[in-house]
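Just below is one structure, and these are the notes that go with it.
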Amino acid sequence: FECNADESTIDAKDRTIFWSALYAWPLLWLVLVFLNILSWDWLMLILMAFVFAATNVVGYWKCSKDQKRQMADWAKSQAVRA
Numbered sequence: 003f004e005c006n007a008d009e010s011t012i013d014a015k016d017r018t019i020f021w022s023a024l025y026a027w028p029l030l031w032l033v034l035v036f037l038n039i040l041s042w043d044w045l046m047l048i049l050m051a052f053v054f055a056a057t058n059v060v061g062y063w064k065c066s067k068d069q070k071r072q073m074a075d076w077a078k079s080q081a082v083r084a
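Residue numbering for the sequence shown follows the numbering used here, beginning at 3 and increasing consecutively.
Quick look at the structure:
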């Protein structure tokens, strides 16, 4: 995987919009999976789209050192709260 060595040059608003949309897309497909769990007509297609969207998130996440740091900080803050 290739990544931007200096992610501080990226605008914070752009970064927030990008990561929010990237995380929201698989969540949308997951909601559609649950809505169509009883109807087998579109379930396979929706499951495939969910897997592709989740794979896209994992790929971008592996490339972003800043996102890894933010997720680690969030996990630590959640562990401290519990």
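Glycine included, C-beta positions come from ideal geometry on N, C-alpha and C. Fair warning: this is a prediction, and the values are worked out from it, not measured in the lab.
Span separating the alpha-carbon of residue i from that of residue j
{"i": "residue 3", "j": "residue 65", "result": "Residue placement at residue 3 is flagged as unreliable, the pLDDT there being 46, under the threshold of 50; the coordinate-derived value follows with that caveat. Residue 3 and residue 65: Cα-Cα distance of roughly 6 Å."}
{"i": "residue 43", "j": "residue 34", "result": "12 Å"}
{"i": "residue 27", "j": "residue 39", "result": "18 Å"}
Buried or exposed by the 16-neighbour rule on C-beta atoms within 10 Å, applied to residue i
{"i": "residue 52", "result": "buried"}
{"i": "residue 48", "result": "buried"}
{"i": "residue 23", "result": "exposed"}
{"i": "residue 14", "result": "exposed"}
{"i": "residue 74", "result": "exposed"}
- Item | alpha helix (DSSP H) runs contained entirely in the region 40-72, provided each spans 4 or more residues | 45-65
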